[in-house]
Amino acid sequence: MSVVIIGGNERMERQYMQICKTYGYKAKVFTKEASSLKRKIGSPDLLILFTNTVSHSMTACALQEAKKSGTKVARTHTSSAAALHEIMKEHCTFCPKAGDCEYADMFC
């Protein structure tokens, strides 16, 4: 399972990746606009947009690629760890099993 995160804070890239890992997802994080963003996004299972910290052009590019590949898109205004936990809780495939991720008791 893979997640692409667009936006957010550079300082929190590692934390975003760790949070996704606890829910069983491998994450790619793009906090700055890359010249080849379209190619790097690929076809993830979930695309997360932190709308407060991302440019309009990055958003448009990411949404275009998500539409092409049929990827689910989740948007949140804040780029906090708590906001990411909420999104992961909503989209976590392990939560119905209640116990496969370390946050199952806390969030699911």
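So the sequence shown is numbered by this note's numbering: it starts at 1411 and just counts up by one. All residues carry an ideal CB built from backbone N, CA and C; glycine is no exception.
The DSSP-derived three-state label of LYS1438 is strand. Excluding residues up to 5 positions away in sequence, MET1411, VAL1413 lie with their Cβ nearer than 6 Å to the Cβ of TYR1435 in the same chain. Between the stretch 1456-1474 and the stretch 1413-1430 there are three or more inter-stretch CB-CB distances shorter than 8 Å, so the stretches are counted as touching. With a beta-carbon spacing of about 26 Å, ASN1419 and SER1479 fall beyond the 8 Å limit used to define contacts. Going by DSSP, THR1486 is part of the beta strand (DSSP E) stretching over 1482-1486. Residue pairing by DSSP places LEU1456 opposite VAL1413, LYS1482 in a beta bridge. Under the three-state reduction of DSSP, GLU1500 is assigned to helix.
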